[in-house]
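Numbering of the sequence shown is given in our numbering, commencing with residue 3 and proceeding in unit increments.
Scroll down for the structure; my scribbles are underneath it.
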Amino acid sequence: MDKLGLKKRILEESRSNQQLLRDDLRESFQERVESANQNEDDDFTDHFESTREEVMDEIHLVAPQADAAQAQLQLLERMEAQTLHEQVKNGAVVLTAQQNFFVSTSLPLFEVEGKPYLGVSTDSPIYHAMKDKKKGDSFTLNDVLYHIEDVF
């Protein structure tokens, strides 16, 4: 197995997925801003003013999510795939029988070369359970025993 090549493809797919998430959140944010501005320009009754307030509340919820998605994308863009790791740490790919992980940022399940990977943040409980472990080590989380088949 070409571990560096695989790691590079995992990183590229992670970046692509995070960029799509960030773009979707930005688009959603922009749509809400436009909706709020449209409602502001119209001559509405009190009923429609409450709708505008609801839209503004949604904007305040989406904006931090979009900012967080951008920060996570920047983290992924700073990562390099040229280093192979022997221990679980940021940037490592961790293969287990139950799940494959990419230690980077929290990402939904994605596929590379037909195998599923889950992006995990260094703040996540699963990362803390496997931190500094090596190939052949085991760890437990939520009563599930994971055996590390490989780390790179």
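We treat Cβ as the ideally placed atom computed from N, Cα and C, and that holds for glycine.
Note that the structure is a prediction, hence the values are computed from the model and not measured.
According to DSSP, residues forming a beta bridge with residue i
{"i": "Q89", "result": "K136"}
{"i": "D152", "result": "L97"}
{"i": "L120", "result": "F103"}
Contact set for residue i: own chain, Cβ-Cβ below 8 Å, skip 5 residues either direction
{"i": "D134", "result": "Q89, V90 and K91"}
{"i": "L86", "result": "K5, L6, K9 and F154"}
{"i": "I150", "result": "V90, V96, L97, T98, M132, K135, K136, K137, G138, D139, S140 and F141"}
{"i": "I128", "result": "F103, V122 and L143"}
{"i": "V64", "result": "L27, S30, F31 and R34"}
{"i": "V114", "result": "L8, R11, I12 and E15"}
Burial state of residue i, where buried means 16 or more other Cβ atoms lie within 10 Å
{"i": "K117", "result": "exposed"}
{"i": "Q2", "result": "Since the first and last residues shown for the chain are 3 and 154, residue 2 lies out of range."}
{"i": "Q84", "result": "exposed"}
{"i": "V105", "result": "buried"}
{"i": "R80", "result": "exposed"}
Simplified DSSP assignment, three categories, for residue i
{"i": "G176", "result": "The structure shown does not extend to residue 176, since the chain is modelled only from 3 through 154, so no value can be given for it."}
{"i": "S18", "result": "helix"}
{"i": "E29", "result": "helix"}
{"i": "N212", "result": "Limits of the chain in this structure are 3 at one end and 154 at the other, which puts residue 212 out of reach."}
{"i": "E113", "result": "strand"}
{"i": "S37", "result": "helix"}
{"i": "A83", "result": "coil"}
{"i": "D59", "result": "helix"}
Neighbourhood of residue i by C-beta, 6 Å cutoff - its chain only, sequence neighbours within 5 removed
{"i": "R17", "result": "L78"}
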